[in-house]
Every structure is written in C-alpha cells, then in structure tokens.
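What follows is a short report on a single structure.
2 protein chains.
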Amino acid sequence: MSVKISIVGAGSAVFSLRLVSDLYKTPSLKGATVCLMDIDDQRLSAVQTLARKFASEAGADITFEATNDLEKAVDGANYVINSAMVGGHAFLEKMRAIGEKHGYYRGIDTQEFNMVSDYYTLTNWKQFDFFTQLTHLMEQRAPNAWMLQAANPVFEGTTLIRRTSSIKMMGFCHGHFSVREISKALNLDINHVDWQVAGVNHGIWLNRFRYKGQDAYPLLEEYLLVLSDWKPEQPFDDNFSPAAQDMFGFYGVYPIGDTPRNGSWKYHFDTDTKKRWYGEPWGGADAPEGWSWYQHQLSLVTQVMAQMAQAIKEKPSLDVRTFLTPKVGQLPEAFLQETQRILDSKEMSGEQHIPFIDALENNHGNRFVVNIPNQGLIPDIADDVAIEVNAWVDKAGIHPEPIDPPLPKRVIQWYLTPRIMRMEWALEAFIKKDPMLIEEFLIRDLRTQSLEQVRSVVQEIMQESGYLGDS
Amino acid sequence: MSVKISIVGAGSAVFSLRLVSDLYKTPSLKGATVCLMDIDDQRLSAVQTLARKFASEAGADITFEATNDLEKAVDGANYVINSAMVGGHAFLEKMRAIGEKHGYYRGIDTQEFNMVSDYYTLTNWKQFDFFTQLTHLMEQRAPNAWMLQAANPVFEGTTLIRRTSSIKMMGFCHGHFSVREISKALNLDINHVDWQVAGVNHGIWLNRFRYKGQDAYPLLEEYLLVLSDWKPEQPFDDNFSPAAQDMFGFYGVYPIGDTPRNGSWKYHFDTDTKKRWYGEPWGGADAPEGWSWYQHQLSLVTQVMAQMAQAIKEKPSLDVRTFLTPKVGQLPEAFLQETQRILDSKEMSGEQHIPFIDALENNHGNRFVVNIPNQGLIPDIADDVAIEVNAWVDKAGIHPEPIDPPLPKRVIQWYLTPRIMRMEWALEAFIKKDPMLIEEFLIRDLRTQSLEQVRSVVQEIMQESGYLGDS
C-alpha cells in the first residue's frame, strides 16, 4: 500500500525539501505520494518544481501532487504534516510592532520562558484557528490519518489539539539536535552517548547525559570551565552562551535546543542585556539585530529557491550544484550545507517526520523526541499538558521512555510551572476568544506599567489581527 | 483534666484578650491554664494584668501564667497558639523601606496576589525560623500538643510546618467573617445562609452562597447593581470595593475577607490606582495612607492598653468601662466595639481557637474555616499545599467538607496557581537560605527593570535582616 503524505504549508521550501529528500532516502517508503499544499501559488509552484527535480535526480519513486485546497490535501492522506504559519512572518512582525509601540519590548508574545521571536501564543488566534480547522477537517475526511505538527507554537498547539480532537496527532521539533552539537564539542562519539531530554517544547533539559557508562556531566562542566573568549558564530549559536551556562547553574541540568533562548527576563530585559548573555554583535537570535539577520537569511533563501525553480523550469536538465556555486558569496553557509545534505544520497535531514512514518508503517522502530500529553511522565504536571520527551516508536505505537533520572524539582517549579501556567492562560483566551483574558495576562507582565497601557495594546492588537474584541 | 493553652506572642493584647474572653465564655473549658508568653516584658506584664482583671470580673476559673521563656510555654501545653511576629512591625517597615529605595513600590514582599502589607514571605526568614524553632521544641517537649497558627504568613507557614513537622498543627484566619458582613448588607439572616469558602489563606472565594434553599448570588448581583456612590468607612472596608466587584466579574465567585486586598497589580500599580479601586481617601489598607491609618490605630490601642494596665495596677478595683469612656474621642471605634465584646458576657470574639479547642476537648462539634493540606480537596493543587476550607471538627478529628460546588477553573488557573507557585519559591528560598532564589523570584517581578536592581535590593535586604548571603 502506498502512503500519502501531505505537507500543509509546503511553501517553506527548505522544510519541504528536507522531508522529500528524507523520503527518497527511505527505500521502505518508495511509491509514496507527496501532496504539497500551500495557499501561495507562486511558492507552491516553486517548491513543486524543486521537489520533482531533486526526487528525479535521486531516481526516487514518489508521486507528487500540488494543491492550494486544504480538503484535497487531507482527502486520502495517511499523514498530514502541518508546517503552515498563517499570515507568515509579516503578520508576526506587525503584531510585534504594535506591542513595541505600547511599551512591550519585542512584542506582547515575547514572554517569560517564551522569548523565541516567532513563537506566538497571544496574538496568534489565526494560527490556532487553523489548527482547529485542520483537525476538524481530518476528523471528517481522514479520521485515521496522523497529524504531525511542525508549525509553532508546538507546545500550545499540541496541547490544544490533543485536548479538543480525536485524531492521532503528535508535535515535533528538532531542538534536541543540539545534544549532538554539544557532544561533538566535547569530542564525544554520539553513538556512545546515552542521553535523554525532558520538558516542554522549547523548554527541554538534558536530564540524562552519560558517556560509555559514565556520567558525562563532569566532562561538560570541565569543558565550560576552560571555555574562554566565547563568541557566537551566528545569532543561533547559543549552546555555550553565558545564558545557557547561567541556566545550567541555576537549574542544575543543561538547557537544550531552543531552551537557552527561552530564559527569564534576566537575559532579555533589553538589547544590551541580550548582548551580555548571548554575545556580540547580535545579542542572540531574539534581539533586534539577531532577528534581522535571520529574516535576511530567510529572504535570501526564499529568493534563491525561487530563482532555482525558475531556472529549472527554463532548463529541466539543469545541474543544481552548478547553480548554487557561483552565488556562494551571498548565500548563507547553513543553507549551502542544507542543500548539500538534500543532494547527498544518504544523510538524513534530522527532521523526524519521515523516520516516524517509516517506524509506524514498516515497523522500523526508532527513537524520537516527541510532544505528547504528559500522562504522569513528569510529576506535578497535569496529564493533558503536552510535554517533550524521548519515545520509541514502532508499528505497535508510541512508547514514551520513563524520565530517568527525573527532572530536578528546580526545573519543574521554577521553569515548567510558570511556562505551563501561561500556556493555559493563552489557550483559554483563544478558546473563549476573550480579549479580557489577554488583558489579564498582560496585567501580570513585567513590562506593564498601567491598566491603560494594557487596554490600548490589546485593543489595537484585536483590531489589526481581525478579531474585534468587546473588551 | 484541665487544659493548658499557651499563647506565644501574647503581647498583642487585643488578640490575647479575645482568646481569654472566649475562654471564660466557654464553661466547658473552665479550670484551664492560660500561659502568656512574650519576649517583651512590658507588654507581657500589661496583658497579664488585663487578662487577670477581665477574667476575674467575669468570675472565670482560669489559672494564668506569664513567661518570656518559650520552653516554659511549651512544657505541658495542650495547645500552643502562635501569634508572634518576629521583629514586629518595625522590622517589616524596615524591609519595605529598603524595597522602596530600590524601586519596589510597597516593598519586595508585596507581590501578585499577596499585597497585604504585613504578610511577608520573602524577607521574613526570621519568622519562618521561629515557626521551625517552635515546632521542633513542641516535637521534643509537647509532642501531643496542637499548634494553632495565627501568625502570618498563615499560607506559607502552614504549608511549611505541615511538610516539615510531625506535630498536630492547623492554621487559622478570620477572613471568612466577611461572609457575615456581606450577608448582613444584603439583609440576609446568617442562620439561613448556606455558605462555603475555598482557596488559600488570604485568597478565599465564596464558592457556595445560598439563602433558604435558593442560590443567593442573584441577590448579591442585584445589591451590587444598585450600589452607587460607594465610599469606604475605613481603609479595610473593601467588601464592596470596585476591586472586589471587579474580581467577582473576572473570577465568577466573590472574593472573601482579605482576598479583595490580594488582587493582581491591576489594582495596585501605584497609589492612584489603589485609590481608584479601593476608594478615597486611603486607597485601601495597603496604600501608604491606609497603612499609616492602621499603624496609627494600632499604636493608639497599644497605648491605651498599657495605660489601662497601669491604672489597674494602681487601683485593682478600677471599673474598666469608666476608664474607656472619657477617651472615646481618640480611640478607634473598632477598638471600643472590640472591648465591649470582650466585656460582654456572651458574645464570642469570632476567633476560632477557643471553640476549636472546645470541639476537640469536649466534643462540642462546630464548623470552622481551617488551613490544612489539600489532600485532593481542590483539583490541580498538590496534596501538601495548605488550603483554606470549611471543616467540621469534633473529638474524632478534623472533617473537611467536600468543595461543593467546585471552585471555578478560572480561580484555580489564574489565581491559585500563580499564588501557590510563589509560595513554593518563597519556601524553597527560606529552606535553602539561598538569596539567589530571592533574586530569581524578583527577576520575574513586574517592578524589576534590571539584574543590577535585583542584586542590590537582595544584598541590602540580606545584610539588614541579618542573613549575610553569598550570592
């Protein structure tokens, strides 16, 4: 039986190509149909051209479909991978600007333990609405399909969907990949590293870190001790930032992936503070300069993707390798590496979606980091809150690992509890579509100085995001 | 068998006299010994004189002891009522001044849902130390005695003691008395009001309010609708303040007792904000003017108590009624009413301690509002967190009532969760004696603008409170 995998929001070309390349590197999934869905026809057309080209060069047996109709993507799908960002970055930046105008540095969605600049939980009702729309559609038209959630906010999204829908659904993120980077920095062979992470999406912690049967934390501590003159290579290079190290000191376990970005206000009061904790010149990915850097990279990549697609359309036999070479000067290093990986015949992208599908479909059991309801795995957290943990997946299903050793109480009480509390507030505000709850949320915000400030920012946000409140 | 009741911190004369008068109005406890303990000899001597005088005028059969030795108070005690405030108000005001100097309006102990001006949880390690010292002493010398906790913070204190000590212990507060005041304002006969409160100390909510078999909330709503030109009679008059009404609107149940004082920053950003929500001219009890008013009343009462004691010493046959009359002009109305009640032969003070002792000793079953570990009574709250709920008490023990109807989720998620979270942070900071945890607490405080501000305030607090931190 051939599998239909639909990618919703397929216009983000790099993400889609990663999945497609993973697919053609997974022989057991040959014959699959990939349905690319996006409402942006131009981007959809470009990604379709690229996907077909890469797949055909790899000699892959994949059938492609492309549509801007969500129902067509859902119909007959076995897996729906959702990576859509409703309104795109432009919407997020607009919301941020309104927040900043009213005195909320980096926008109102920037919050304690949720500082990532495109992980919106308060002004993002359109995104949540889309989650709901998609799951309802799946319930109607593909009730046995899996929904694999890649779009942010994965934490709020997974919790919301698992609470309100009967479909099979799981949230994915690649943040745990920094365990590999950290191990590499320490000169540890990842194949001998016994590791485990636990927490919530963008707030995960290395609760287990052993090397060849021994605790590897002393090696990490030793490494940090001799680490001097640390400077980031790019804004996202924060595994060993002063912020990450300080969080390690306070919480007693190492923050993984996007977690160093998601500290308290201590590291984020203002841009100078960010520079101190995430390094010069950017102040990390979530400072104005760091975020501009990212947006610039993103637009370069989008441009080159569009150009490449155009060139392929004009000359189907084009060798994409030669296309990439002359532009190297302008192109982000990470993107070139990424493209090399996609073109490489063996190396997987690191995204978990295709291996996950392979595990379920062909019983190719594998270890993943998944977002699933807690169900008692982490103590003092409600059963229906989505946590991010390691799990073994095979044809028989999802088998989350017991958290061993347990997360320190410090992490649960000082980090996860306040983060989960705000997730609950944000979800209730969305579910009730109640701007008064956003107001109440902001009343408790460190940047708030008066009720008037709260009311005016919420009013403008509601107006500009198309939800006219009655507050 | 005669019962020994020790009052620790007996120097707060009004509170001690309330208990003594309750005792001589409870015939089933005749023959009891009351041990008055305080480290302030002058106040102890005054309260002893007054207690003996009032008791003898009432023809009571009470044996009095007075000591400044805690061990003597504990030895042989059946009940130890703790009302001691270590360092007194002077210490609290000193801590507040340091906070204000560093930009923390009303001091660092003033926190979201903990705005009461003498309910300190961060700078009050001396108080917590005393709780621990007293419970340890009781474990050694009176392991079967009950500790009745009256001293604030009752929430943190009860949780701490119940987690760390094996002694029988319960926290008491009289905040629920405002159910009577509210019923009276609505012209409801309290004997026909079926009510229940639930929450945590200083954060309790009227989850059940029925009158003669009918829901009484519509009567309350009607009352609020026609309530116009509300003005407080004194700073503590806040049952129907705009703040209380606004909290009712948001949470869906009415805030009781000290709860209207303990809203979010919405009502407390600054003194003008307080005046808007708690009325002119004071801005409520926890604004600078309201708190000065209270401190002035307190000092007047202390003075008159000392004068009265002196007058009795000089002339043991003095009629205290005549002593009070000529000074009426200066004396707080509430104090005069209080004294009338103490002199009255029947009316009880409203404090729960003596009726509680009577219930346990003589099986005179009664309904109380107690602070006890949650143990599943309120969902989504850990078992070992002290909650404040109604309970029936008799010789067989404490029988907490099921919470019926349950507290709204709104109260649990938006009020109790953040309050409990901060209780946990404060207790961990105390238990570890770790100023870094106070810093981390303040990093998440709305008034904080920088890490430097946090560090400097914590350093000065630690120095001035006698705990030299190593932070």
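Residue numbers (the working numbering), protein chains in the order written: chain Z, 1164 to 1634; chain L, 1164 to 1634. Glycine residues also receive a C-beta, built at the ideal position from the N, C-alpha and C atoms.
Grab the span of the beta strand (DSSP E) containing residue i for me, first residue to last.
i, result
"T1298 (chain Z)", "Note, T1298 (chain Z): premise wrong, no beta strand (DSSP E); alpha helix (DSSP H) at W1288 to R1304."
"M1599 (chain L)", "Not the beta strand (DSSP E): M1599 (chain L) falls in the alpha helix (DSSP H), residues P1598 to I1606."
"V1171 (chain L)", "K1167 to V1171"
"T1196 (chain L)", "T1196 to M1200"
Which stretch, first to last residue, makes up the alpha helix (DSSP H) that contains residue i?
i, result
"H1431 (chain Z)", "Premise fails: H1431 (chain Z) is in no alpha helix (DSSP H) and is neither H nor E."
"Y1187 (chain Z)", "A1176 to Y1187"
"W1577 (chain L)", "Element bounds for W1577 (chain L): n/a, residue is neither H nor E."
"Q1626 (chain Z)", "L1614 to E1627"
Where residue i and residue j are concerned, what is the direct C-alpha to C-alpha distance, given to the nearest angstrom?
i, j, result
"V1491 (chain L)", "D1482 (chain L)", "Any reading at V1491 (chain L) is ruled out, since the residue's pLDDT is 48, under 50, leaving its predicted position unreliable."
"R1304 (chain L)", "Y1242 (chain L)", "12 Å"
"T1284 (chain Z)", "D1238 (chain Z)", "29 Å"
"H1337 (chain L)", "Y1414 (chain Z)", "39 Å"
"D1204 (chain Z)", "L1461 (chain Z)", "19 Å"
"D1421 (chain L)", "N1364 (chain L)", "8 Å"
"D1409 (chain Z)", "P1418 (chain Z)", "10 Å"
"W1454 (chain Z)", "F1593 (chain L)", "40 Å"
"N1553 (chain L)", "F1217 (chain L)", "32 Å"
"S1184 (chain Z)", "K1596 (chain L)", "55 Å"
"A1260 (chain L)", "G1426 (chain L)", "22 Å"
"G1171 (chain Z)", "L1311 (chain Z)", "One point to set straight first is that residue 1171 (chain Z) is Val, not Gly, in the sequence displayed. Straight-line Cα distance between these residues: approximately 10 Å."
"G1560 (chain L)", "V1467 (chain L)", "40 Å"
"L1388 (chain Z)", "R1607 (chain L)", "28 Å"
"N1402 (chain L)", "F1531 (chain Z)", "55 Å"
"S1179 (chain L)", "A1173 (chain L)", "6 Å"
"P1451 (chain L)", "T1286 (chain L)", "19 Å"
"N1534 (chain Z)", "S1169 (chain Z)", "20 Å"
"D1276 (chain L)", "M1584 (chain Z)", "The residue you asked about is not Asp; residue 1276 (chain L) is Phe in the sequence shown. If you take the alpha carbons of F1276 (chain L) and M1584 (chain Z), they lie about 15 Å apart."
"K1167 (chain L)", "I1517 (chain L)", "12 Å"
"V1447 (chain Z)", "A1406 (chain Z)", "The amino acid at residue 1447 (chain Z) is misidentified as Val; the sequence shows Gly. Distance between the alpha carbons of G1447 (chain Z) and A1406 (chain Z) is about 10 Å."
"W1288 (chain Z)", "E1603 (chain Z)", "17 Å"
"I1367 (chain L)", "Q1538 (chain L)", "17 Å"
"V1249 (chain L)", "I1202 (chain L)", "10 Å"
"A1314 (chain Z)", "A1247 (chain Z)", "6 Å"
"D1352 (chain Z)", "D1281 (chain Z)", "33 Å"
Return yes when at least one heavy atom of the ligand GDP lies under 8 Å from the C-beta of residue i, else no.
i, result
"A1195 (chain L)", "Absent from the structure shown: the ligand GDP. Ligands present: none."
Does chain C have any CB closer than 9 Å to the CB of residue i?
i, result
"I1475 (chain L)", "The chain labelled as chain C is not found among the protein chains of the depicted structure, namely Z and L."
For the region 1307-1379 of chain L, list the beta strand (DSSP E) runs that are entirely contained and at least 3 residues long, ordered along the chain.
If we require 3 residues or more, the beta strand (DSSP E) runs fully inside the region 1307-1379 of chain L come out as 1309-1312, 1331-1334, 1356-1363 and 1366-1374.
Quick test of the definition: if touching needs 3 or more C-beta pairs under 8 Å, does the region 1376-1393 of chain Z touch the region 1557-1570 of chain Z?
no
Can at least three beta-carbon pairs, one atom from the region 1538-1553 of chain L and one from the region 1311-1328 of chain L, be found at a separation below 8 Å?
yes
Along the region 1335-1367 of chain Z, where does the CB come closer than 8 Å to a CB of chain L? Name the residues.
none
Whole alpha helix (DSSP H) elements within the region 1216-1267 of chain L, 4-residue minimum:
Entirely contained in the region 1216-1267 of chain L, the alpha helix (DSSP H) runs reaching 4 residues are, in chain order, 1233-1237 and 1251-1264.
What runs of the alpha helix (DSSP H), each 4 residues or longer, lie entirely inside the region 1489-1566 of chain L?
If we require 4 residues or more, the alpha helix (DSSP H) runs fully inside the region 1489-1566 of chain L come out as 1496-1506 and 1516-1525.
Could you give the uninterrupted runs of the beta strand (DSSP E) lying entirely in the region 1388-1469 of chain Z, keeping only those of 3 residues or more?
1417-1419
The region 1522-1539 of chain L / the region 1495-1508 of chain L touching (three or more Cβ pairs under 8 Å):
no
Using a Cβ-Cβ cutoff of 7 Å, what residues of the region 1513-1546 of chain L are near chain Z? List them in chain order.
D1543 and A1545
Going along the region 1572-1586 of chain L in order, which residues come within less than 7 Å of chain Z, judged by CB to CB distance?
Q1576, W1577, T1580, P1581 and M1584
Closer than 9 Å between beta carbons: that is the criterion. Which residues of the region 1611-1625 of chain Z meet it against chain L?
T1611, Q1612, S1613, L1614 and V1617
Touch test, the region 1292-1299 of chain Z against the region 1328-1345 of chain Z, Cβ-Cβ under 8 Å, three pairs minimum
yes
Any C-beta of chain Z within less than 7 Å: which residues of the region 1419-1434 of chain L qualify?
S1427, W1428, K1429 and F1432
Scan the region 1390-1423 of chain L for residues whose Cβ lies nearer than 7 Å to a Cβ of chain Z and list them as they occur along the chain.
F1413
Is the number of C-beta pairs between the region 1440-1449 of chain Z and the region 1387-1398 of chain Z that are closer than 8 Å three or more?
yes
Count the CB pairs spanning the region 1572-1587 of chain L and the region 1429-1439 of chain L that are closer than 8 Å, and state whether there are at least three.
no
So does the region 1194-1213 of chain L actually touch the region 1621-1628 of chain Z, counting three or more Cβ pairs closer than 8 Å?
no
Near-chain Z residues of the region 1273-1297 of chain L - C-beta to any C-beta below 9 Å:
Residues passing the 9 Å Cβ filter: E1275.
Should the region 1604-1621 of chain Z be regarded as contacting the region 1214-1231 of chain L, the criterion being three or more beta carbon pairs within less than 8 Å?
no
Interface positions of the region 1583-1609 of chain Z facing chain L (Cβ-Cβ less than 8 Å), listed along the chain:
M1584, E1587, W1588, E1591, M1599, E1603, I1606, R1607, D1608 and L1609
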